[in-house]
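Remarks on the structure that follows.
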Amino acid sequence: MSYPSRVKIVEVGPRDGLQNEKEFIPTAVKVELVERLAHAGFANVEAASFVSPKWVPQMADGTQVMESIERRPGTIYSVLTPNMRGFEGALAAKADEVVIFAAASEAFSQRNINCSVDESIERFVPVAQAAKQAGLRLRGSISCSLGCPYEGEIAPAKVLNVAQRLIALGCDEIDVADTIGVGTARRVYDLMRIITEQVDPARVSGHFHDTYGQAIANIVASMQAGIHIFHSSVSGLGGCPYAKGATGNVATEDVLYLMQGMGIDTGVDLDAVVDIGQWISGHLGRKSASHAGNALAARKGAIACS
Ligand code: HMG
Ligand code: MG
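Add 1206 to a position in the sequence shown, counting from 1, and you land on the number used in this note's numbering.
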């Protein structure tokens, strides 16, 4: 079995991780989180969303976050943009990459962005054109790629169809997202193989929520299928407001520990991320959801408890 020698980890904690928090998190904490993560070595940090504050109040301060962070040269700061209104905000706030987000499930598309899959793709056309014109990177996310909270199992053909439409819009990267964490290794491997027969594997990422504890196995299965970009969230923060019961993304510390153990380079300082995970968990008044993060922090005698 061959594995990559290097992977790219996209840290999504400040966006996917925090978006579901009920209590409003002060902008200064969000800013510190993004800055510390960039400093730990992530080449790409998903920093904010430019979505309707009525839909996701926690992300209402995206502009302030983006305008306040001290940028680290070379780091890509990504933001979610569901429509032109979001794109204009992202452009003004000097995002490096905008993320359009579709779903492989009709029901989830309606719940998440209030339109059908076809309508969402139409809505993304001007966003994609504007992003390209402005020289920004463009990423396309596909929710419910391995299952939907409303429709159940999702056929790989549906995921591939959305992936191809997002590529046709000019996306530099496509995120295969397991929104509710139901995927298991063989299905993930098969899906990634089906997608990468049509789409360059270098442009496909795995975005795994860890609801059923399968995310690490799914990352290994994805690497076996030729994928080398993964999303994760420091201390496993997160959930999705439109997928009941969904828990956070796979914890970044767990992914970094896996990669370190497998001799795969990430360019990220695991020790620094452990500290960030303990700090943000302490701020939120709960124990980190990262196994590796807690084990490594315990070794250092610095575990955060609620
Ligand atoms: P809508 O209600 O159909 O749209 O929402 P609308 O155009 O009628 O707008 C409603 C109100 O929002 C209006 O304000 C707009 O101006 C405003 P009002 O006139 O009522 O005062 N509005 C905006 N405000 C700020 N920024 C904007 C914006 N757009 C409209 N960009 C819409 C449609 C897409 C806007 C809404 O459904 C929405 O914002 N959804 C976002 C939901 C979301 O953020 N979900 C979580 C992120 S996705 C995710 O987590 C999955 C992912 O991690 C992968 C995975 O794990 O699956 C990526
Ligand atoms: Mg997600």
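For each residue, glycine too, the CB sits at the ideal point set by N, CA and C.
For this session: Please work out which residues of its chain come closer than 6 Å, Cβ to Cβ, to residue 1456, disregarding the five sequence neighbours upstream and downstream, and give them in chain order.
Result: 1414, 1416, 1421 and 1438
Exercise. Using DSSP with H/G/I as helix, E/B as strand and the rest coil, what is residue 1397?
Worked result: DSSP, reduced to helix, strand and coil, places residue 1397 within a helical segment of the structure shown.
Exercise. Would residue 1451 be called buried (16 or more neighbouring beta carbons within 10 Å of its own) or exposed?
Worked result: exposed
For this session: Classify residue 1384 as helix, strand or coil using the three-state DSSP reduction.
Result: strand
For this session: Rounded to whole angstroms, what's the CA-CA distance from residue 1311 to residue 1364? Just pull it up for me.
Result: 8 Å
Problem set entry | Collapsed DSSP secondary structure at residue 1512 in the structure displayed | Residue confidence is low: residue 1512 scores 49 on pLDDT, short of 50, so the model does not pin down where it sits. No coordinate-derived value is stated.
Exercise. Of the residues 1373, 1387, 1493 and 1429, which one's Cα is nearest the Cα of residue 1396?
Worked result: 1429
Exercise. Do the stretch 1338 to 1347 and the stretch 1389 to 1406 make contact, defined as three or more Cβ pairs closer than 8 Å?
Worked result: no
Exercise. Any chance the CB of residue 1283 is under 8 Å from a heavy atom of the ligand HMG?
Worked result: Every heavy atom of the ligand HMG is 8 Å or more from the Cβ of residue 1283, so no.
Problem set entry | residue 1223 beta carbon less than 9 Å from that of residue 1454 | Against a cut-off of 9 Å, the Cβ pair of residue 1223 and residue 1454 comes out as a contact.
For this session: At 3 residues or longer, and completely inside the stretch 1327 to 1362: list those beta strand (DSSP E) runs for me, N to C.
Result: 1343 to 1349
Problem set entry | Element boundaries [alpha helix (DSSP H), containing residue 1463] | First-last of the alpha helix (DSSP H) with residue 1463: 1458 to 1467.
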